[in-house]
Amino acid sequence: MRTPYRIGLAAAVLLAAGLLWTAWRPGAPAPGVVLAPGLAPAALAPAESMAVLPASDGGIPERLLMGERYTDVVSRIRARQVDGRPLFANEQAFAQARQQQVLFAAGVPPREAAASALADPRRLQDGREWIRYDLQVLAARAEGDRFLLPLQGGRAAQAEIDAVDMVDGQYRWSGRLLGPEGGTFTITQVFGDQYAIGAIRTPAGEFLLEAKGGTGWMVDSGQEFFLPPDGNDTISDDGSHLNHAHHGHKH
97 MRTPYRIGLA
107 AAVLLAAGLL
117 WTAWRPGAPA
127 PGVVLAPGLA
137 PAALAPAESM
147 AVLPASDGGI
157 PERLLMGERY
167 TDVVSRIRAR
177 QVDGRPLFAN
187 EQAFAQARQQ
197 QVLFAAGVPP
207 REAAASALAD
217 PRRLQDGREW
227 IRYDLQVLAA
237 RAEGDRFLLP
247 LQGGRAAQAE
257 IDAVDMVDGQ
267 YRWSGRLLGP
277 EGGTFTITQV
287 FGDQYAIGAI
297 RTPAGEFLLE
307 AKGGTGWMVD
317 SGQEFFLPPD
327 GNDTISDDGS
337 HLNHAHHGHK
347 H
């Protein structure tokens with residue numbers, strides 16, 4: 097015969113499981129996913145197409161989830177520098193950047209977009225999506241790490257980094273989109289200029305992004321520049337655009 101204590105304990109377990117399922121329903125961000133301001137949970141891709149990211153806040157510490165790999169990742173990231181200074185001033189700044197998992201968020205007001213260093217009359221009127229971009233998300237990530245990459249149409253995919261390269265002070269992250277649709281991405285950042293540029297290739301098409309000072313845009317490649325035949329995406333010395341990039345529509 098069950099004692100009242102055992103019956104009460106079983107009921108508590110069932111209640112907790114029911115609350116967890118209610119809070120984490122299909123289509124909502126998985127526990128441990130931290131959203132950037134402006135990116136509503138409804139904008140995320142369906143949960144079944146995205147693996148759960150390591151929880152670094154409110155869950156199992158990331159260093160325990162990653163094991164020995166955590167020490168290797170941290171040492172390589174903390175060695176990154178800009179103008180002779182480390183990218184992260186201290187451990188707290190690094191930890192905060194690891195917690196932020198969404199690379200950028202849409203929903204920039206027209207007045208803020210117009211004040212962007214990248215704004216011009218054509219870009220403000222051609223329907224492109226203006227975004228708030230966070231350089232620190234990729235700055236705090238190495239090969240094998242994952243982050244959320246927003247896509248056109250209010251969706252987002254989980255992306256995994258395959259390679260990180262540094263050329264002339266420019267850091268380049270490249271990798272793939274996880275999930276049934278797949279895709280690839282390449283993003284280059286120049287921290288001294290607070291500048292980023294990249295391409296996201298999906299079955300639905302190629303999308304380009306550019307950001308400076310935390311504000312930028314994402315657009316179908318047919319509306320902006322595209323890479324030359326040699327594929328050179330090196331950023332020019334003034335950190336303003338791709339070297340040899342062609343502007344306008346493809347011919």
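Take 97 as the starting number for the sequence shown in this note's numbering and just add one per residue. We treat Cβ as the ideally placed atom computed from N, Cα and C, and that holds for glycine.
| query | result |
| --- | --- |
| Quick one: residues in its chain with C-beta nearer than 7 Å to the C-beta of D179, no 5 flanking neighbours on either side, listed in chain order? | G288 |
| Assign A235 to buried or exposed, taking buried as 16 or more other Cβ atoms, counted over all protein chains shown, within 10 Å of its Cβ. | buried |
| With a CB to CB cut of under 7 Å and the five nearest residues on each side skipped, what residues in its chain are close to V204? | W226, I227, R228 and T311 |
| Hey, would you say G278 sits closer than 8 Å to R272, going by beta carbons? | yes |
| Going by alpha carbons, who is nearest to D316 out of V233, L247 and R172? | L247 |
| Looking at the unbroken beta strand (DSSP E) that takes in Q266, where does it start and where does it end? | Q266 to L273 |
| Within 10 Å of its beta-carbon, does T167 have 16 or more other beta-carbons around it, so buried, or fewer, so exposed? | exposed |
| In terms of residue numbering, what span does the alpha helix (DSSP H) encompassing Q357 cover? | No answer is possible for residue 357: it lies beyond the span of the chain, which begins at 97 and ends at 347. |
| Which of helix, strand or coil does DSSP assign to L234? | helix |
| Restricting to runs no shorter than 3 residues, where is the beta strand (DSSP E) found entirely within the segment 155–205? | 200–202 |
| Using the beta-carbon count (16 or more within 10 Å), is L245 buried or exposed? | buried |
| What does DSSP give as the partner residues of F281 in its beta bridges? | G271 and I296 |
| Tell me which residue opens and which closes the beta strand (DSSP E) that R41 is part of. | For residue 41 there is no data in the structure shown, the boundaries of the chain being 97 and 347. |
| Which whole-angstrom value is the C-beta distance of A193 and F184, which I expect to be below 8 Å? | 7 Å |
| Tell me whether M262 is buried or exposed, calling it buried when 16 or more other Cβ atoms sit within 10 Å of its Cβ. | exposed |
| Under a three-way DSSP split, which group does P290 fall into? | According to the sequence shown, residue 290 is Gln rather than Pro. Here Q290 sits in coil by DSSP. |
| Grab the span of the beta strand (DSSP E) containing G319 for me, first residue to last. | Residue identity differs from the one stated: residue 319 is Gln in this sequence, not Gly. Counting along the chain, Q319 falls outside any beta strand (DSSP E), and DSSP gives it neither H nor E. |
| Between which two residues does the beta strand (DSSP E) carrying P246 extend? | R242 to P246 |
| Quick one, which of G250, L304 and A175 has its alpha-carbon nearest E187's? | A175 |
| What three-state label does DSSP hand A210 in the structure shown? | helix |
| Between R237, A259 and I283, which has its C-alpha nearest E158's C-alpha? | R237 |
| From M314 to A295, what distance separates their C-alpha atoms? | 9 Å |
| Quick one: what's E239 bridged to in DSSP? | Per DSSP, none; premise fails for E239. |
| Whole angstroms is fine: what's the gap from A213's alpha carbon to K308's? | 7 Å |
| By the three-class DSSP mapping on this structure, what secondary structure does G301 have? | strand |
| Just how far apart, CA to CA, sit E302 and S270? | 15 Å |
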